[in-house]
Amino acid sequence: MANRVLRSGKSNSWWSLIFFSIFKIRRSMAVWILFILSVVLFGAVAITLFSSSKNVYEFFKNFQYGVFIFNNILLLLFILLVIIKIFGREFEDGTYLLLISKPYSRFVLFLLKIIALWILILLFLGTIILFAFGIGYLGNIFNKDPQYLQVYQNLLLKLFLYSMALSFFASSGILFAVTFLNSQVVLLIVVIFCSLFLVGGMPYSLIMSLAKTVELTFANDSITQNYPVPIIKSTINFKKNLKKDLIKYPHLTNAIWNFYDEWSYSDLNLVFKNDDYKDITSDPALRVRRLDFYKNLGLTVPKTEEFEIKKLKTWDSSTRYLYDNKLEDLKTIINNVGAASGNDVSMKVNFATDYFFKSEQELDQNDPVQKELADYMAVVSKAAGSWTNYITMNLFSGTSLFYFNPTASYYSLSTTNDSKLVTVNRTLLEGNSFNQTDVFRQEWDNEYKGTLSDYNNGSDFRDWVLDYFDSPTLFVLREIEIDILKKIMDYKLLEEQPIKINNEWIKYDNLMNTYGLISKFNIIEHWNQIWTASLNFTPYWFEPLQRSNIDFEVQNNYLMSYQDFRLALGVDKKIDVDPAPFLNISLIQYIYLGLSCLFLIFAYLILRHKNIT
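So this is what it looks like as structure tokens:
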């Protein structure tokens, strides 16, 4: 019974010491000011993010301004003030001497004050993070975009964990310094560190900006195009991020990448340039191979339609039809029939394909590939303003995904009172025929650009052609295809072609050597990247309406530093497409964890032997 009372009394006295330390902080005006500033900061950040962010990338990037100010200034100053209050000032005003004269060991005093310190840190961080959560929920009521709230919540959680790690290192280091330095000196040191932290990722941003101006040259003289460093890094990053599910529309993107990645560079180049199937007389093997792939994804359906032009007025000069047992062009036939009988020539055209792309409404929302394509179509439609604008911009490239069955597609001519013109279905396979996509392109340009068309046979025919080819899905898919093809082709180029060692390469290599040296010893760089490496970045995607332009820095804040890599050459002078980052973040985290523990141990050892008078 006596022992229980003794233990209870000792426990109560320990809590008294903890609350005594906390009570001292409660009366500190400076600490309250820091707390209020932190609350105001995150309130302002949350309101600004939810009210003015144009997209989730901008939301993600701008959140880091709050992190930059809070962690580099307010949090460090809070920890400094608390440690000075419950450690430094007690050494200087004699309170610590009074405490050690009581029946407490120095280890117990040290431990209890550490507990008080961490209670205060947890209260400080917890209150601010919870307040920020609350403001975020209010902001989402007005913004009504669930993705913003999801990203915001994830960022706050990461911020709490990162702040705890930074607090452990900062509190250990400051406590170690306070044990043998005057509080004013420690204050000066921390203020200097805060100032340096405000420099943030500027060295990284500056050096990487200079590196972006470098254009590298391949040793193969047949490749005349120089490749800017950002394009090369973007190509490498695309495949890395694809593996990490950091590319939007992953089912669709992975399917297209895996399909084309097996192709040769020369075949890819034909597809990229629309040269895989130039006209109905060329080899359709590559195009059919592509369309069979999309058919297997469930993106195409068969489509056959027929239209009769009652009075054929004009046609292209290359199409032939039998007249008087001879192949004649259609204009000649029109003139001959008119001269012979005074009658008009009518024409039936039949367009048949096994690979017509589904409309946006026909895409299956339960199929992940089709749903992702439909989702991206909504993005493109908004960016382009209208499908008419979009198709006009992509008219030439989009027709790369049209292919018509040459045996099922046909045309025929007929008239009255002219036995020389015998009506028979002439298939496209028989040669000297027209290309349906040529008809579509010319009729489209005639309708929307006012240009002349070889197939101008009235508005009814034009409306039928435009209605038949009404397939925004195809044009959007072709844009995605081109975007991904460019990355695959560039990646194969990097794997196969050596780099020329010239002044541009030497300039780039020197810049990377400089940054590599800075990054190894720069504590600010380390903590910047511990934070940024912990983030769950929003998946990236190509800029709509821009060819293969994907910005992997769109979420980066220029005040921060990010995990990056240098372009390195192997013994064969080819670029390493699987480079290691400058910094091993896991190793750095363990190093700072070890340093923090050492600081705590040294602080205790100094206090244990410190002569306090």
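The sequence shown begins at 435 in this note's numbering and counts up one residue at a time. Cβ atoms here follow ideal geometry from the backbone N, Cα and C, with glycine treated the same way. Just so it is clear, the structure is predicted and the values come from calculations on it, not from any experiment.
Straight-line Cα distance separating residue j from residue i
i     : j    : result
E987  : N574 : 26 Å
L632  : V625 : 11 Å
S995  : F602 : 21 Å
N828  : N708 : 12 Å
F790  : L704 : 21 Å
I958  : E796 : 53 Å
D713  : F868 : 9 Å
R438  : I467 : Confidence at R438 is low in this model, with a pLDDT of 49, below 50, so the placement of that residue should be treated as unreliable; the coordinate-derived value is given next. Those two C-alpha atoms are separated by around 43 Å.
K920  : E929 : 14 Å
I825  : L835 : 13 Å
V612  : F469 : 23 Å
F741  : R860 : 15 Å
W939  : G500 : 38 Å
L993  : Q498 : 9 Å
D894  : S887 : 14 Å
L554  : A566 : 18 Å
I1035 : S487 : 46 Å
Y974  : Y683 : 9 Å
F390  : P580 : Absent from the structure is residue 390, since the part of the chain shown begins at 435 and ends at 1047.
CB of residue i within 8 Å of CB of residue j, strictly
i    : j     : result
T850 : N770  : no
T651 : K941  : no
F541 : Y1038 : yes
V490 : T972  : yes
T841 : L863  : yes
W691 : L676  : yes
Q963 : L911  : no
D897 : T669  : no
Y755 : L847  : yes
I507 : C628  : yes
F976 : D917  : yes
L979 : A818  : yes
Y845 : M781  : yes
Q587 : G570  : yes
T871 : S793  : no
Identified DSSP bridge partners for residue i
i     : result
M781  : I743, L847
F999  : P1015
V735  : F790
T861  : Y844
L650  : Y661
K1008 : P932
I681  : Y974
Residue burial classification, residue i (beta-carbon count within 10 angstroms, cutoff 16)
i     : result
R461  : exposed
L1048 : Within the shown structure, residues of the chain are numbered from 435 to 1047, placing residue 1048 beyond reach of any answer.
G1028 : exposed
R724  : buried
S1020 : exposed
I452  : buried
D710  : buried
L440  : The predicted position of L440 is uncertain, since its pLDDT is 39 and thus under 50; a value taken from the coordinates is nonetheless stated next. By the 10 Å Cβ count, L440 comes out exposed.
S539  : exposed
L1032 : exposed
I657  : exposed
S442  : Confidence at S442 is low in this model, with a pLDDT of 47, below 50, so its placement is unreliable and no value can be given for it.
R1042 : exposed
Limits of the unbroken beta strand (DSSP E) element including residue i
i    : result
K760 : 760 to 763
L979 : Neither: L979 is in no beta strand (DSSP E) and is coded neither H nor E.
L756 : 754 to 757
Where the alpha helix (DSSP H) through residue i begins and ends
i    : result
L572 : 540 to 577
Y406 : Beyond the ends of the chain as shown, which are 435 and 1047, falls residue 406; an answer cannot be given.
Y837 : Run containing Y837: none; DSSP gives neither H nor E here.
L725 : 719 to 730
L583 : 580 to 612
L908 : 906 to 930
I666 : 663 to 677
Y889 : No alpha helix (DSSP H) contains Y889, which DSSP labels as neither H nor E.
G477 : 463 to 486
P684 : 684 to 694
W697 : Taken as a continuous stretch (DSSP letters only), W697 belongs to no alpha helix (DSSP H), as it is neither H nor E.
Y810 : 802 to 818
Y491 : 490 to 503
Y711 : No alpha helix (DSSP H) contains Y711, which DSSP labels as neither H nor E.
Q963 : 957 to 967
E877 : 870 to 882
Q618 : 617 to 633
G776 : Per DSSP, G776 belongs to no alpha helix (DSSP H) and is neither H nor E.
I825 : 821 to 827
Near the ligand SAM: residue i beta-carbon under 7 Å from a heavy atom
i    : result
L471 : In terms of ligand content, the structure shown is empty, and the ligand SAM therefore cannot be addressed.
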